[in-house]
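**Student:** Residue numbers (the working numbering): 159 to 416. Dropping the structure in here first, questions after.
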């Protein structure tokens with residue numbers, strides 16, 4: 159299903175996106191060495207509940223997961239890159255943490271992810287890894303405009319990631335959003351220009367480049383959800399929800415004051 163939202167629905171999407179951006183920003187600021195992943199989950203739950211929003215994850219049970227996810231935010235640490243299930247684990251200084259959050263407010267979903275190093279300045283390798291996903295995200299957003307094709311976004315994203323020296327996994331990527339969290343079109347993190355669905359105003363897209371330092375292969379954790387690098391290497395993941403407008407792509411999930 160591909161939804162094209164009305165101007166009134168795009169206004170609602172802006173409110174959802176602002177909430178997602180503010181929750182991720184608040185959680186990032188509160189996270190320090192010694193913070194537990196379940197504590198992060200509780201913070202996200204409390205902030206979205208206070209705003210009258212609904213988690214897209216608690217009851218989420220796709221074919222690739224092991225039953226309902228059962229938590230409010232994805233917390234992926236170090237070698238975990240996607241769908242990190244919160245557990246009784248405290249982060250320590252130097253951990254590379256990715257937070258991924260999808261929320262529904264007034265019937266419209268927004269989805270975003272941030273990666274950062276806990277407590278310490280990022281090492282050169284971690285800064286390169288995180289920076290590559292952020293630059294790839296910016297390139298994908300820059301390519302997103304009416305008349306562009308999904309392949310144009312995928313090519314822009316993949317060019318940055320491979321140019322930074324990383325292999326690209328195409329099992330998981332970006333996607334459409336709207337009244338539900340995962341919709342068509344799928345946005346692979348590499349591809350060929352001029353291919354795929356043609357973008358039009360009113361489309362909401364979650365663009366999400368992610369990489370692993372020395373592999374493109376994933377393994378599934380014993381929890382049935384958390385996806386890790388097959389080699390145990392560090393990982394990073396960046397994501398924004400954007401609305402396609404007549405003028406290009408409007409980022410909806412920026413943190414406050416940005």
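Cβ coordinates follow ideal geometry from the N, Cα and C atoms, glycine included.
To the nearest angstrom, report how far apart residue 252 and residue 263 are at their CA atoms.
**Tutor:** Here residue 252 corresponds to residue number 94 of the chain shown, with the count starting at 1. Here residue 263 corresponds to residue number 105 of the chain shown, with the count starting at 1. In a straight line, the C-alpha of residue 252 is about 34 Å away from that of residue 263.
**Student:** Tell me residue 274's beta-bridge partners as DSSP assigns them.
**Tutor:** Locating residue 274 in the chain shown gives position 116, where the first residue counts as 1. BP columns for residue 274 point to 255.
**Student:** Between 332, 224, 188 and 402, which lies nearest to residue 304 when the distance is taken from Cα to Cα?
**Tutor:** Reading the chain shown from its first residue, position 146 is the one you call residue 304. If we check each option's Cα against that of residue 304, 402 comes out closest.
**Student:** Tell me, to the nearest whole angstrom, how far the beta carbon of residue 254 is from that of residue 279; I am working on the premise that it is less than 8 Å.
**Tutor:** Taking the first residue of the chain shown as 1, we reach residue 254 at position 96. Taking the first residue of the chain shown as 1, we reach residue 279 at position 121. With 8 Å as the limit, residue 254 and residue 279 do not qualify as a contact, their Cβ atoms being about 12 Å apart.
**Student:** Less than 7 Å between the C-beta atoms of residue 271 and residue 297, yes or no?
**Tutor:** In the chain shown, residue 271 corresponds to position 113, counting from 1. In the chain shown, residue 297 corresponds to position 139, counting from 1. No, they are not a contact pair.
**Student:** For residue 386, is the classification buried or exposed, using 16 other Cβ atoms within 10 angstroms of its Cβ as the cut-off for buried?
**Tutor:** Locating residue 386 in the chain shown gives position 228, counting from the first residue. Result: buried.
**Student:** Taking contact to mean at least 3 C-beta pairs separated by less than 8 Å, is the stretch 192-212 in contact with the stretch 373-380?
**Tutor:** At 8 Å Cβ cutoff, the stretches do not touch.
**Student:** What is the DSSP secondary structure of residue 187, counted as helix, strand or coil?
**Tutor:** In the chain shown, the residue the question calls residue 187 occupies position 29. Of the three classes helix, strand and coil, the one that applies to residue 187 here is helix, per DSSP.
**Student:** Is the CB-CB distance between residue 359 and residue 408 below 7 Å?
**Tutor:** Counted from its first residue, the chain shown places residue 359 at position 201. Counted from its first residue, the chain shown places residue 408 at position 250. In this structure, residue 408 does not lie closer than 7 Å to residue 359 by Cβ.
**Student:** Which same chain residues, not among the five before or five after residue 392, have their C-beta less than 8 Å away from its C-beta?
**Tutor:** Walking along the chain shown from the start, residue 392 turns up at place 234. 236, 237, 254, 283, 284, 287, 370 and 371, listed in sequence order.
**Student:** Measure the C-alpha to C-alpha separation of residue 307 and residue 353 and round it to an integer number of angstroms.
**Tutor:** In the chain shown, counting from the first residue as 1, residue 307 sits at position 149. In the chain shown, counting from the first residue as 1, residue 353 sits at position 195. Their Cα atoms are separated by approximately 6 Å.
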